[in-house]
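One structure below.
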Amino acid sequence: MSIYLAFKEIWHSKGRFLLIALIVALITTLVLFIAALAEGLGNGNRELIQKLNGELVIYQENVKLSIAGSRIGRSTLNSIRRVDGVADAGQLFFSDATMVFADGQDELDISLIGAEPGRPGEPAVVAGSQLGRSSSNEVIVDGNVAARRGVQVGDTVTIKVTQGTSEELYQLAVVGVTDGRQYFIRPSLIVPYLTWEKIRPQGENETNSGELISNIVVAKLTNPADWQRMAQKIEVEVGKVEAVDRVTAYEATPGYSAQQSTLDTQRYFTFFIGILVIGGFFQIQTLQKVAQIGMLKAIGASNLVIGLAAVTQIVAVNAFGVAIGAIGSLLLGASFPPGIPIVFTGDAVAAAIGALMLIGPLGGLVSIYALLKIEPLTALGLAQ
Amino acid sequence: MSTILQADAVTKIYGSGESLVRAVDDVSLTVERGEFVALVGPSGSGKTTMLAMLAGLLKPSSGAIHIGGQDLTAMSDARRTNFRGHAIGFSFQANNLVPYLNARENVELMLRLNGKLNRNTKKRVEELLVRLGLGERMRNYPGQLSGGQQQRVAIARALIHEPQIVLADEPTASLDTERAHQVVETFAELIHEQGRAGIMVTHDLRMCTYVDRVIRMRDGQIGQVVSGREAIDELATMYAMAS
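Residue numbers (our numbering), protein chains in the order written: chain A, 1 to 384; chain B, 1001 to 1243.
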């Protein structure tokens, strides 16, 4: 009975209900795109650290977890490796460089990262092989570079770095392609650490103590679940270092938290607007139907029938709008070229759709309450 | 004849103290099976309030109302809603029909509400609408029907579920004389034919020609009760005197 009334009315006023469904669809699109943008931009900042193959990221003490500000030498690495419970550890070296292309493609800014072959910090390849010797002119490229610029295993890539006052070009052989490993919104090229030391950008008269200084150390534990205790243990036993898990590490990336919370705020506001828009629509509709609902109650329709019909309409219109919006967003998202930081992940999309399905029922609460309050007496033009 | 509706000493009081209003004051009446009664009176006479109480839409301040032997005043709200759905048929002055259901669906609505919609009853809907001259209009929505046609659909809806009593509030309010006569004549015919009890609230004395009894209300109380014939004769005399 309720479903009958609900859909009869929707069918009779198709235009009006379609309009509100389209508004829901637009809100859905907005929410999904904000979520995808948060994911995409978030990935650009955190991917590399999030996917490190070690539980702990170790920084120099008192640098506020800034990779750029942190310096950890070879001797500290060795102390970390000697801590009981550390299975292995590797240095990770960060700098910027630019990829240049012979075929006329635009230059591409990248993060040039040095890692120790076979040690924590070196990403696992999805195609090709891992890095060989520590000083070989080999490189593992980020999957994003492969996707955006068509770089493949076996290619030679050229990178441009500034050393002193001159620009130097280096040729590197691509031995492997890894998955997405962006850092600081740039895709990464991972080279053996001795090669990194040789080709990294450096000032004219940089002091070098002879020791290889990395930015951070990645430690793999024998018991990953024990990371909290191990972090403390390393800090105590090694000294002058700060050890944190990967999540803490990427959340400390400059701007990351601010960016994510800005996008979250936008998302919540959009939800809130959705609730108000749907609530307003159904409330106005209810006010227009007071006489009609009074008549239905007078001739014997119960509050249950009236209430369920309203809930059915709200849920149906809401679901229809969300479906259109979701399909539209995914199609639109799929048509974007790689490189635009829009990433739809199953979890984020499912969570957003789940929340969007609630905006109708939440917004409709007021109007359903108003419907239940209508007196059947209004059918006779009387008020209680 | 058996009594369908029995109202005993029904009173409705609004407000209190200085502002106390006795909208209906100690009214008793009965309506028998197959009897069509008109409730007439000037505005403010309490006739609509009385109808609302007889329909179970408003609780009397005191007194009892029985329909088919069941006490309306003793029922819970939910029970009374259900009771209205199967024991009473309604036709209202305005907003009579559901705008998004066509004529046929509006009539079928009563059967749906009572879980009685089936092939047989659907056929009855069709027959009744044909009988009311709406054979060609069954698929039209209320917005596509004239006032008289809408009123006839409402009459079909009021009767289709075989209620014990049919209540009509000003069924001719928005109709011209010819249509008004057609509508009330058919209504009376069906009430008599099917053996329902019928009450019509109206301010249009000309319609009394189709009813068995006219109950006059004034200031919340029942005045004179006359037959429909007598009411019409009286009206004719009044016109004669005026001219």
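Glycine included, every Cβ here is placed at the ideal spot set by N, Cα and C.
Just the chain A side, please: which residues come within less than 7 angstroms of ASP1169 of chain B by C-beta, in chain order?
-> Residues of chain A passing the Cβ test: LEU380.
For ARG1152 of chain B, count neighbouring Cβ atoms within 10 angstroms of its own Cβ and tell me buried if that reaches 16, exposed if not.
-> Answer is buried; the Cβ neighbour count reaches 16.
For the candidate residues B:ALA1009, B:GLY1034, B:LEU1129, whose alpha-carbon lies nearest to that of VAL1024 of chain B?
-> Selected option, being the one with the closest Cα: B:ALA1009.
Taking all protein chains shown into account, do 16 or more other C-beta atoms lie within 10 angstroms of the C-beta of MET1217 of chain B, making it buried, or fewer, making it exposed?
-> By the C-beta density criterion, MET1217 of chain B is buried, having at least 16 other C-beta atoms within 10 angstroms.
Do you know offhand how far SER214 of chain A's Cα is from ILE275 of chain A's?
-> C-alpha separation (whole angstroms): 51 angstroms.
Going along the chain, which unbroken runs of the alpha helix (DSSP H) with 4 or more residues stay wholly within the stretch 131–167 of chain A?
-> The qualifying runs are 143–149.
Terminal residues of the beta strand (DSSP E) in which PHE1090 of chain B lies = Note, PHE1090 of chain B: beta strand (DSSP E), 1088–1091.
Members of the stretch 297–326 of chain A near chain B, C-beta cut-off 7 angstroms = The residues in question are LYS297, ALA298, ILE299, GLY300, ALA301, SER302.
For VAL1031 of chain B, which of helix, strand or coil comes out of DSSP?
-> If DSSP states are grouped into helix, strand and coil, VAL1031 of chain B belongs with the strands.
Within the chosen definition, does the stretch 18–38 of chain A reach the stretch 1127–1137 of chain B through at least 3 CB pairs nearer than 8 angstroms?
-> Not touching, per the Cβ criterion.
Quick one: what's ALA173 of chain A bridged to in DSSP?
-> Beta-bridge analysis with DSSP links ALA173 of chain A to A:GLU138, A:THR156.
Please check if any C-beta of chain A sits within less than 8 angstroms of the C-beta of PRO1142 of chain B.
-> Chain A contact via Cβ: absent.
What does SER13 of chain A reach in chain B if we use C-beta pairs closer than 8 angstroms?
-> What SER13 of chain A touches in chain B: TYR1100.
Using beta-carbon positions only, say whether GLY1223 of chain B and THR1209 of chain B come within less than 8 angstroms of one another.
-> It is not a contact, given that the beta carbons lie outside the stated cut-off.
Distance, Cα to Cα, GLY1069 of chain B vs SER1076 of chain B?
-> Spanning the two alpha carbons is a distance of roughly 16 angstroms.
My understanding is that VAL145 of chain A touches VAL153 of chain A, with C-beta atoms under 8 angstroms, so please give their C-beta distance in whole angstroms.
-> Taking a contact as a CB-CB distance under 8 angstroms, the pair VAL145 of chain A and VAL153 of chain A does not count as one, their CB atoms being some 12 angstroms apart.
In three-state terms, what does DSSP make of GLN288 of chain A?
-> Helix.
Do GLY1056 of chain B and LEU1072 of chain B have their C-beta atoms closer together than 8 angstroms?
-> Taking a C-beta distance under 8 angstroms as the contact criterion, GLY1056 of chain B and LEU1072 of chain B qualify as a contact pair.
Got a sec: is the Cβ-Cβ distance from GLN1093 of chain B to anything in chain A below 8 angstroms?
-> Interface residue, yes.
Backbone CA spacing between SER75 of chain A and GLN91 of chain A [nearest angstrom] = Rounded to whole angstroms, SER75 of chain A to GLN91 of chain A spans 11 angstroms at the Cα level.
For PRO192 of chain A, write down the residues that DSSP places opposite it in a beta bridge.
-> DSSP lists A:ALA115 as partners of PRO192 of chain A.
Considering only C-alpha positions, which residue in the set A:LEU189, A:ALA309, A:ALA21 is nearest to ASN137 of chain A?
-> It is A:LEU189.
Beta strand (DSSP E) segment containing GLU242 of chain A, residue limits | Its beta strand (DSSP E) spans residues 241–245.
Counted within 10 angstroms of its Cβ, other Cβ atoms place MET99 of chain A as buried (16 or more) or exposed = Taking all protein chains in view, the Cβ of MET99 of chain A is crowded by 16 or more other Cβ atoms within 10 Å, so the residue is classified as buried.
Same chain, Cβ closer than 7 angstroms to LEU371 of chain A, neighbours up to 5 away in sequence not counted | So the list reads THR286, ILE293, ILE306, GLY307, ALA310, once near-sequence residues are dropped.
To the nearest angstrom, how far is it from the Cα of ASP179 of chain A to the Cα of ARG148 of chain A?
-> Answer to the nearest angstrom: the Cα atoms are 13 angstroms apart.
Helix, strand or coil for PHE1036 of chain B per DSSP?
-> It is a strand residue.
Compare the C-alpha of ASN78 of chain A against each of A:ALA258, A:ARG229, A:LEU48, A:VAL241 and name the closest.
-> Of the listed residues, the one whose Cα sits closest to ASN78 of chain A is A:VAL241.
For GLN285 of chain A, decide whether its Cβ has a neighbour in chain B, counting only Cβ atoms nearer than 8 angstroms.
-> Taking Cβ atoms only, chain B never reaches closer than 8 angstroms to GLN285 of chain A, which makes this a no.
In this structure, what does DSSP give as the bridge partners for SER214 of chain A?
-> Bridge partners of SER214 of chain A: A:ILE72.
State yes or no: is the C-beta of LEU1058 of chain B within less than 8 angstroms of the C-beta of LEU377 of chain A?
-> Yes. Within cutoff.
Find the residues of chain A that neighbour HIS1203 of chain B, judging by a C-beta separation of less than 9 angstroms, and give them in chain order.
-> Think of a sphere of 9 angstroms around the beta carbon of HIS1203 of chain B: no beta carbon from chain A falls inside it, the nearest being about 13 angstroms out.
Spatially closest choice to VAL83 of chain A from A:GLN283, A:GLY239, A:ILE234, A:THR262, by CA coordinates = Out of A:GLN283, A:GLY239, A:ILE234, A:THR262, A:ILE234 has the C-alpha closest to the C-alpha of VAL83 of chain A.
ASN1082 of chain B versus chain A: which residues are under 8 angstroms apart at the beta carbon?
-> Simply GLY300, SER302.
By how many angstroms is the C-alpha of ASN45 of chain A removed from the C-alpha of GLN288 of chain A?
-> Their Cα atoms are separated by approximately 51 angstroms.
Assign ILE327 of chain A to one of two classes, buried (16 or more other C-beta atoms within 10 Å of its C-beta) or exposed (fewer than that).
-> Exposed.
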